[in-house]
Amino acid sequence: MRLLRFVPDNTAIAFMRLSRVAYLCSSLGLLASLVLFFTMGLNYGIDFRGGTLVEIKTKTPARIAELRSTLATLGLGEVEIQQFGASDDILIRLVRQPGGDDAQQDAVGRLKQALGPDVTYRRTEVIGPKVSKELARQGTIAVLAAVMAVLIYIWLRFEWQFAIGAVLALVHDITLTIGIFCVFQFQFTLSIIAALLTIVGYSLNDTVVVYDRIRENLRKYKKKPLPELIDLSINETLSRTTLTSFTTVLALLALYIFGGEVIRDFTFAMLWGVVVGTYSSIFVASPLLITLGMMKRNRGQGDLSPQKQTHTSQC
Amino acid sequence: MLYFSRWKIALIVAVVGFGALLAAPNVLPANFRAALSGWLPSDTVNLGLDLKGGSYLLLEVDRKDLVAHLAKQLQGDVRQILRKNHIGYVDLKRGTQGVSVRIRNASDVEKALDAIKGLAEPISPRGIGPLAGERDVDVCSDGRMITLQFTAKGVDAKISGAVEQAIEVIRRRIDALGTTEPTIRRQGTNRIVVQVPGFQEPERLKELLSATAKLQFRLLCRDQPKSAKPRRAPPGCELLYSRDPAGRPYFVQTASSAGVDGEDLVLARPDFAGRTNEPVVTFLFNQHGAMRFGRLTQANVGRRFAIILDNSVISAPVIHEPILGGTGQISGNFTLQSANDLAILLRSGALPAKLVIIQERTVGATLGADSIAAGELASIIAIIAVVLFMVITYGLFGMFADIALAANLVVLLGLLSFLRATLTLPGIAGIVLTVGMAVDANVLIFERIREEWRAGRSPINAIDTGFKRALGTIFDANITTLIVAAILFCLGSGPVRGFAVTLALGIMTSVFTAFTLTRLLVALWVGRTRPKTIPF
């Protein structure tokens, strides 16, 4: 049987020469994300804003316009109504009601009364002002903590340039993900934060594999100039990087298509993250090592890694 | 790397076998599971509320309400103690933080202060722990003015106690609904998490949980409101409204002119009224309550009294004759269910403080079932896709990896069952992601083997070195994801936490299987065929 080769053997792509273009693309992407974030902003879900989300199933295909005018009379502020998958499946979002936690519950009661007995409630989520504030704080802390923990771990296992490079690549991935969420105005919820963190883990996984090889080659080829060495390392790991990304994308695609409406945004974030993460470990994290000036200090003086023996030869 | 001693092989097989044993109950029918002998594992994966359907509620003790309640009590205590000591006072007032009172004669201030200071109780009853010596009320005097202020620590301790009590009350109320396996636990200092799987009437549940259920029997005042919106109550009376029909005003004697309250109830159950056959709640007082209720009704035949629940009037019947037996009946436009719920509330006792629902997540059973179906479908398709892909790319070695993947999933499922971990929809996503990433360890190894082979090593040497060299990389690459999963676990509640658990366990099992099972299979193959070339 002739087996499929995804990436031909002995590729010699000059990634470092492409890195200028990649930097430009990334910078543009980052800039666009920031601009979008500060102009359009994220569409924060009720997790962070407080409010109510109700998913209903109607007996006949829902008449959204009619529903809208019924609910508008309730005086519950802005009511967002959206079809969710099937035509009889409707998502209703209420903004956080003025007043305390009791006011939110009160609003749900009125909403349910207005919808009448003919609908089935598939889910109800009510998040009061107190909890939403806490969740927003927790989410921010979690992302920062993850980035810090990763920084420290890579710093311990590699050198500081690697750590900075990896973390900058992470920030790059997270920013671009936030950017795409601004573009599509997908709900930004706590589970998206979870997806973001998973991206952090995934993208790092890729980066570490490439870095690991760079470190190994640094020991092997003491005289090779850094750009060449990094190119070599990326080419050597390219097959693995693409294969793993491909299987992960394959699994996530199955989840995106068949996993149901509830986690579609969550899966989308991860899909996007895998693509961006793969790109960034090749085109951002690796060239950053050069930019961070690692070589000037180390090349010619021999070894780079402080823990040369701990790594490859254990079993 | 390619040599396995017999006991190592046995160990690997045992681990996978044990995982399969732990996972098995998930695919066995329930009655078969019940028939298993005791030593066999019978735990299945615990489905989260988002898959099973049910309600998650986060309740918080209303601090303001509790303080107001405490202030009311304190006010009564101060009044009583000053009267007992024959000290004249004016302006006994409640504030938001405590109570203040002005002593009429300056010469009495000393004596009053002594008496009032006795009201401050130590927070820690046995005088131990970090709160030893702290008191729940600060007493200060300024001229003839004496103020009593609750200390923050005192209120904290009261809230903590209230949470304990409330958990008991809530448990009784929910148990009375007959739902299976509710979870009620404390969160932090002032919160209670309530999870009721399977119960599909969130509004009813919320009403049952948020009602304080303070029942009072109080006489109506002689003057009753003339209009629907009376401006103010006559002295000694309080304006309350009826519950159903809502909003009818009543003047009710204030609490201090003592009636009877719900604490003396020993029994309450739904029933039908003899004549009209409408649903009512019948109740029975204990001896103390029966006596007081008897006295109240005996002295007031012909007058009306109000049955008050949480400050709204349920009904206001006329006392036709003294009720001496200690039993009675509450009617008030009940349906069968609302009579039943009221009986539950009365039986379970009153909450020590008002609870506010600060978060709610309810998932209907249909959505849960849809999510499970979608999750299953997606997982199966993902597995098939990845399995096929591995075979197409690596041939025989791909099959080895696929066997390892299958073992990985089985062990993961076994672990999840064994730990009674909660599987949520994002958790399923975590498993699917694991499927994608699980083969990563294998891909890393295989690619490394190829490289070593192309670098000129003999096949066996290349395989050996490939495993050896890939290990470090795999280790580093997965630790980072593990760190992230740990952070997610700490951050997350419910669904997200389920995701973190499956992600973390999935990483561990996939690294384990890649390094034991795949390696074992490859080693066996090498031993048997003595390959001259790498087959991919």
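Line by line, the protein sequences give chains A and B. First residue of the first sequence? That's 0 in numbering that gives the first Met the number 0, and the numbers climb one at a time after it. First residue of the second sequence? That's 0 in numbering that gives the first Met the number 0, and the numbers climb one at a time after it. No residue lacks a Cβ here, since even glycine has one placed at the ideal position from N, Cα and C. All values derive from a computational prediction rather than experimental measurement.
Nearest to residue i by alpha carbon, out of the options?
i	options	result
Thr38/A	Leu30/A, Glu65/A and Ile45/A	Leu30/A
Gly40/A	Gln96/A, Phe183/A and Leu231/A	Phe183/A
Phe267/A	Thr10/A, Thr69/A, Asp117/A and Thr247/A	Thr247/A
Ser159/B	Thr421/B, Ile145/B, Leu354/B and Ile371/B	Leu354/B
Val94/A	Leu66/A, Lys56/A, Leu52/A and Ala250/A	Leu52/A
Pro60/A	Leu252/A, Val170/A and Asp117/A	Asp117/A
Ser18/A	Leu189/A, Arg92/A and Glu227/A	Glu227/A
Gly37/B	Asp49/B, Leu46/B and Pro24/B	Pro24/B
Arg221/B	Lys205/B, Lys228/B and Thr253/B	Thr253/B
Leu376/B	Ile115/B, Val431/B and Leu415/B	Val431/B
Ile402/B	Val521/B, Ser370/B and Leu443/B	Val521/B
Asp475/B	Gly276/A, Trp154/A and Asp46/A	Trp154/A
Ala245/B	Lys228/B, Cys236/B, Asp260/B and Leu65/B	Lys228/B
Going along chain B in order, which residues have a C-beta closer than 7 Å to the C-beta of residue i?
i	result
Arg137/A	This sequence places Gln at residue 137/A; Arg is not what is there. Residues of chain B passing the Cβ test: Leu490.
Val166/A	Chain B residues near Val166/A: none, gap ~11 Å exceeds 7 Å.
Arg239/A	Val442, Leu443 and Glu446
Ile91/A	Those do not exist, as Ile91/A stays about 14 Å from chain B at its closest Cβ, beyond 7 Å.
Ser190/A	Pro425, Pro494 and Val495
Could you work out which residues of chain A lie near residue i, taking near to mean beta carbons separated by less than 7 Å?
i	result
Ile380/B	Ala253 and Phe257
Ala476/B	Asn204, Val207 and Val208
Arg360/B	Glu124
Asp369/B	Gly259
How would you label residue i, buried or exposed, when you count the other beta carbons within 10 angstroms and need 16 or more for buried?
i	result
Phe31/B	exposed
Met147/A	exposed
Glu54/A	buried
Gly44/A	buried
Ala428/B	buried
Val251/B	buried
Pro234/B	exposed
Arg346/B	buried
Lys435/B	Reading off the sequence shown, one finds Gly at residue 435/B, where the question assumed Lys. Gly435/B should be labelled buried.
Thr182/B	exposed
Asp172/A	buried
Leu203/A	buried
Ile140/A	exposed
Gly299/A	Residue placement at Gly299/A is flagged as unreliable, the pLDDT there being 44, under the threshold of 50; a coordinate-derived value is accordingly withheld.
Gln160/A	buried
Lys157/B	buried
Check whether the Cβ atoms of residue i and residue j lie closer than 8 Å to each other.
i	j	result
Ala9/B	Gly413/B	no
Thr281/B	Asp263/B	no
Leu196/A	Val525/B	no
Ser314/B	Ile322/B	no
Val192/B	Arg184/B	yes
Ile473/B	Val510/B	yes
Trp452/B	Ile533/B	yes
Val312/B	Leu239/B	yes
Ala119/B	Val98/B	no
Val410/B	Val15/B	yes
Asp90/B	Val100/B	yes
Val130/A	Gln358/B	yes
Thr240/A	Thr277/A	yes
Lys51/B	Gly367/B	yes
Ile356/B	Leu65/B	no
Does DSSP classify residue i as helix, strand or coil?
i	result
Met398/B	helix
Phe180/A	helix
Leu502/B	helix
Asn42/A	strand
Arg518/B	helix
Phe5/A	coil
Thr188/B	coil
Asp117/A	coil
Thr240/A	helix
Asp135/B	coil
Run down chain A in chain order and give the residues with a C-beta less than 8 Å from the C-beta of residue i.
i	result
Ile482/B	Ala145, Ala148, Val149, Tyr152 and Gly200
Lys205/B	Gln104
In chain A, what lies closer than 9 Å to residue i by C-beta?
i	result
Gly363/B	Glu54, Lys56, Thr119, Tyr120, Arg121, Arg122 and Thr123
Which bits of chain B does residue i rub up against, with CB to CB less than 8 Å?
i	result
Leu3/A	Ile391 and Thr392
Thr247/A	Leu432, Gly435, Met436 and Asp439
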